[in-house]
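For any residue, its number in this note's numbering is found by taking its place in the sequence shown, counting from 1, and adding 26.
A virtual CB, placed ideally from N, CA and C, is assigned to each residue, including glycine.
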Amino acid sequence: GQSAVGGGSAPGVGVPTTLLAIEHPGWTAAVLEARLRAVDPPVIARIVDDRVVLDLRTVDPGSDALLAALLTRLGEGRPG
27 GQSAVGGGSA PGVGVPTTLL AIEHPGWTAA VLEARLRAVD PPVIARIVDD RVVLDLRTVD
87 PGSDALLAAL LTRLGEGRPG
(Lines of atoms letter the chains of each structure in order from A and count residues from 1; the text may use other names and numbers.)
(Lines give C-alpha, C1' and ligand atoms only; values in the text may rest on other atoms or scores of the structure.)
Protein backbone atom coordinates (compact mmCIF):
# COMPACT_ATOMS: atom_id res chain seq x y z
CA GLY A 1 0.00 0.00 0.00
CA GLN A 2 0.87 3.64 0.37
CA SER A 3 1.60 5.65 3.48
CA ALA A 4 1.11 9.41 3.73
CA VAL A 5 4.21 11.55 4.13
CA GLY A 6 4.26 13.95 7.06
CA GLY A 7 1.24 15.31 8.88
CA GLY A 8 -0.31 16.91 5.85
CA SER A 9 2.81 18.82 4.85
CA ALA A 10 3.05 16.94 1.57
CA PRO A 11 -0.53 16.33 0.38
CA GLY A 12 -0.88 13.58 -2.16
CA VAL A 13 2.64 12.27 -1.60
CA GLY A 14 3.01 8.68 -0.46
CA VAL A 15 5.68 6.11 0.15
CA PRO A 16 5.38 2.35 -0.32
CA THR A 17 4.52 0.44 2.83
CA THR A 18 3.29 -2.92 4.02
CA LEU A 19 -0.34 -2.90 5.13
CA LEU A 20 -1.85 -5.59 7.30
CA ALA A 21 -5.63 -5.94 6.91
CA ILE A 22 -7.40 -7.36 9.94
CA GLU A 23 -10.98 -8.30 10.71
CA HIS A 24 -12.99 -9.80 13.54
CA PRO A 25 -16.12 -11.88 12.90
CA GLY A 26 -19.23 -9.96 13.88
CA TRP A 27 -17.51 -6.56 14.26
CA THR A 28 -17.69 -3.77 11.73
CA ALA A 29 -14.49 -2.05 10.69
CA ALA A 30 -15.48 0.96 12.81
CA VAL A 31 -15.99 -1.18 15.93
CA LEU A 32 -12.69 -2.97 15.41
CA GLU A 33 -10.83 0.31 14.90
CA ALA A 34 -12.39 1.74 18.08
CA ARG A 35 -11.41 -1.34 20.08
CA LEU A 36 -7.85 -1.15 18.78
CA ARG A 37 -7.63 2.45 19.97
CA ALA A 38 -8.96 1.38 23.40
CA VAL A 39 -6.24 -1.21 24.15
CA ASP A 40 -3.17 -0.27 26.19
CA PRO A 41 -1.08 0.89 24.46
CA PRO A 42 -3.50 2.07 21.76
CA VAL A 43 -3.13 0.62 18.28
CA ILE A 44 -3.76 3.28 15.63
CA ALA A 45 -5.14 1.88 12.40
CA ARG A 46 -7.14 3.24 9.50
CA ILE A 47 -10.11 2.04 7.50
CA VAL A 48 -9.67 1.52 3.76
CA ASP A 49 -12.52 0.14 1.66
CA ASP A 50 -14.37 -0.89 4.87
CA ARG A 51 -11.34 -2.86 6.11
CA VAL A 52 -9.10 -2.06 9.07
CA VAL A 53 -5.48 -1.82 8.03
CA LEU A 54 -2.32 -1.39 10.05
CA ASP A 55 0.54 0.48 8.41
CA LEU A 56 3.56 -1.56 9.47
CA ARG A 57 5.89 1.30 8.51
CA THR A 58 4.62 3.05 11.62
CA VAL A 59 5.33 0.11 13.96
CA ASP A 60 8.75 -0.09 15.59
CA PRO A 61 10.10 -3.59 14.84
CA GLY A 62 10.84 -3.87 18.55
CA SER A 63 7.08 -3.66 19.16
CA ASP A 64 6.11 -6.51 16.82
CA ALA A 65 5.65 -9.03 19.66
CA LEU A 66 3.57 -6.56 21.69
CA LEU A 67 1.37 -5.81 18.68
CA ALA A 68 0.86 -9.53 18.04
CA ALA A 69 -0.06 -10.10 21.69
CA LEU A 70 -2.54 -7.20 21.69
CA LEU A 71 -4.18 -8.47 18.50
CA THR A 72 -4.40 -11.98 19.93
CA ARG A 73 -5.99 -10.79 23.18
CA LEU A 74 -8.43 -8.59 21.27
CA GLY A 75 -9.33 -11.50 19.00
CA GLU A 76 -10.04 -13.65 22.04
CA GLY A 77 -12.28 -10.95 23.47
CA ARG A 78 -9.87 -10.10 26.30
CA PRO A 79 -8.95 -6.49 27.04
CA GLY A 80 -5.57 -5.23 25.87
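Sequence-distant residues of its chain with Cβ nearer than 7 angstroms to residue i (five each side left out)
i     : result
PRO87 : none
CA nearest to the CA of residue i, picked from the options
i     : options                        : result
GLY42 : VAL57, ARG83, SER35 and ALA91  : Before going on, a small fix: residue 42 reads as Pro here, not Gly. Checking every option, the nearest Cα to that of PRO42 belongs to ARG83.
ARG72 : ASP66, ASP81, ALA64 and LEU100 : ASP81
ASP75 : ALA56, VAL85, PRO67 and LEU92  : ALA56
VAL39 : GLU49, TRP53 and GLY27         : GLY27
According to DSSP, residues forming a beta bridge with residue i
i     : result
PRO42 : GLN28
ALA47 : VAL79
ILE73 : VAL78
Endpoints, alpha helix (DSSP H) assigned at residue i
i     : result
ASP90 : 90-101
Check whether residue i and residue j have beta carbons under 9 angstroms apart
i     : j     : result
LEU58 : ILE70 : no
VAL78 : ALA47 : yes
PRO68 : LEU92 : no
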